[in-house]
Amino acid sequence: MKKIYLIAVSVLLIHTAQAQFTTIPDSNFEQALIDLGYDDIIDGQVLTANIVNVTDLDLYDLQIQNMTGIEDFASLIELWVDYNQLTSLDVSQNLALQFLVIDENPISIIDISNNTNLVGFAADFTNLTALNTSNNPNLLFLFLWDCNITSLDLSNNTNLVALDVDENNLTQLDLINQPNLEVLYCEDNFNLSFINLKNGNTAGLVDFFAQGLAANACIQVDDAQAATNASTFPYNQWNIDPSSTFSEECSLSTETFDLAQITFYPNPAIDKLTILNITITGYQIYDAKGSLLANNTRLSGNQIDVASLKPGIYFLKVTSDKNQTQTVRFVKK
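Residue numbering for the sequence shown follows our numbering, beginning at 58 and increasing consecutively.
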């Protein structure tokens with residue numbers, strides 16, 4: 058009898074030692090696991106064996122404040138924690154993760170450097186001020202609408218298909234390494250003065266919304282004339298500010314302009330352009346490819362001779378008597 062008792066106790070001890078638990082301090086998180094059938098009682102822990110093979114976890118709008126325990130979801134491929142109250146999230150152990158959605162959480166920093174399999178990441182309406190995506194070469198979709206992002210280095214994200222950075226604090230956006238880009242939203246970045254889309258496949262950008270940028274923003278493209286004409290697909294679908302210009306070399310247009318928008322006529326022009334609302338002291342004329350065609354640094358009067366230009370689209374960069382500069386677009390008949 059004593060032997061049987063000892064054997065039973067030994068088996069029980071071995072079973073207990075082998076059973077591993079994952080700490081879940083947030084009761085709302087644990088309740089969600091109960092609702093999903095991975096736990097049975099709120100006691101601050103869950104049997105690790107019950108979660109280690111979970112591949113998809115949707116925790117939308119559950120008032121969760123602490124995601125401690127997520128590190129033991131070793132097989133997790135999709136994680137949706139949008140509309141919660143998270144100020145931090147550690148996904149460094151979730152190496153299989155492909156889709157991560159953290160929209161509408163007051164998160165200001167997140168490290169996704171270990172998530173090399175990440176395909177889609179969404180952080181709309183968070184408090185992110187920066188994001189390092191250099192270790193996410195498989196990223197196809199990146200959504201950062203209404204954060205506090207001031208700069209993005211996407212040079213390693215060459216597979217990117219869709220990017221949404223509406224309502225941030227960007228000053229420039231370099232997409233030269235994104236030839237697969239089909240969708241770009243970058244509206245209401247009021248200091249954004251330069252976008253580089255010269256990636257060898259600008260014409261692959263089907264949806265492009267870029268209103269609410271800095272005055273006279275320059276958008277660098279493969280074919281400036283086609284983009285400016287906006288008569289063929291996809292250029293006729295693009296939405297940009299009237300003051301924004303297209304160029305194949307934006308070095309002439311990346312300055313900050315304090316000058317009020319100039320008024321001139323006629324446009325289209327035949328032989329002369331007349332400037333109405335400022336006094337100009339010099340000008341340069343560039344073609345649609347950014348090549349300098351005319352340079353007058355001692356202009357007398359506010360008329361500019363364009364009679365020698367061939368019919369087409371041109372950029373006029375003027376300097377005022379207050380040493381301010383601005384570039385506008387005009388058409389020569």
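Virtual Cβ for every residue (Gly too), placed ideally from N, Cα, C. Quick caveat, the model's predicted, so the values are computed rather than measured.
Would you mind stating whether residue i and residue j have Cβ atoms separated by less than 9 Å?
i, j, result
"Q142", "Q122", "yes"
"I391", "S377", "As displayed, the chain neither begins before 58 nor continues past 390, which places residue 391 out of reach and without an answer."
"N352", "I342", "yes"
"F321", "C275", "no"
"D139", "D168", "no"
"T190", "D210", "yes"
"L157", "L136", "yes"
"L196", "G177", "yes"
"V222", "V240", "no"
"K261", "N286", "The sequence shown places Gly at residue 261, not Lys. It is not a contact, given that the beta carbons lie outside the stated cut-off."
"E305", "A281", "yes"
"L330", "L373", "yes"
"S149", "I164", "no"
"I370", "D344", "yes"
"L230", "I252", "yes"
"I134", "T112", "yes"
"L154", "L175", "yes"
"M124", "D147", "yes"
"N273", "Q383", "yes"
Please classify residue i as buried or exposed, where buried requires at least 16 other C-beta atoms within 10 Å of its C-beta.
i, result
"Q277", "buried"
"D115", "exposed"
"S250", "buried"
"Q235", "buried"
"N110", "exposed"
"Q268", "exposed"
"L90", "buried"
"A180", "buried"
"N256", "buried"
"A76", "exposed"
"I206", "buried"
"L232", "buried"
"N296", "exposed"
"I361", "buried"
"D129", "buried"
Mind reading off the beta-carbon distance from residue i to residue j? Whole number of angstroms is fine, and I expect it under 8 Å.
i, j, result
"V218", "F198", "6 Å"
"A326", "K389", "6 Å"
"G126", "T173", "Not quite, the Cβ-Cβ distance comes to about 23 Å (not below 8 Å), so this is no contact."
"V375", "Y340", "5 Å"
"P194", "N214", "7 Å"
"N293", "F387", "The Cβ separation is near 20 Å, so there is no contact."
By the three-class DSSP mapping on this structure, what secondary structure does residue i have?
i, result
"N110", "coil"
"L185", "coil"
"D223", "coil"
"G261", "helix"
"N293", "helix"
"Q88", "helix"
"T228", "coil"
"Q277", "strand"
"N151", "coil"
"E128", "helix"
"N352", "strand"
"T338", "strand"
"N123", "coil"
"A283", "helix"
"T384", "strand"
"T26", "No information on residue 26 is available, as it lies outside the stretch 58 to 390 that the chain covers here."
"T320", "coil"
"T331", "strand"
"T79", "strand"
Under the criterion of a Cβ to heavy atom distance below 8 Å, does residue i qualify as lining the ligand GDP?
i, result
"Q277", "No copy of the ligand GDP occurs in the structure displayed, which carries no ligand at all."
Got a sec? Which residues, its chain only, sit under 6 Å from residue i by beta carbon, not counting five neighbours each side?
i, result
"N107", "Y95"
"N85", "L119, Q120, I121"
"L131", "It should be noted that the sequence gives Ala, not Leu, for residue 131. Only V109 meet the Cβ criterion."
"N258", "P236"
"S208", "none"
"E244", "D223, F266, Q268, G269"
"N192", "S170, T173"
Whose C-beta lies closer than 8 Å to the C-beta of residue i among residues of the same chain, with five residues either side of it excluded?
i, result
"L185", "I164, S165, I166, I167, L201, C204, N205, I206"
"A364", "I327, D328, K329"
"A284", "T259, I276, V278, Y292, W295, F303"
"N216", "P194, N195, L196, L197, N237"
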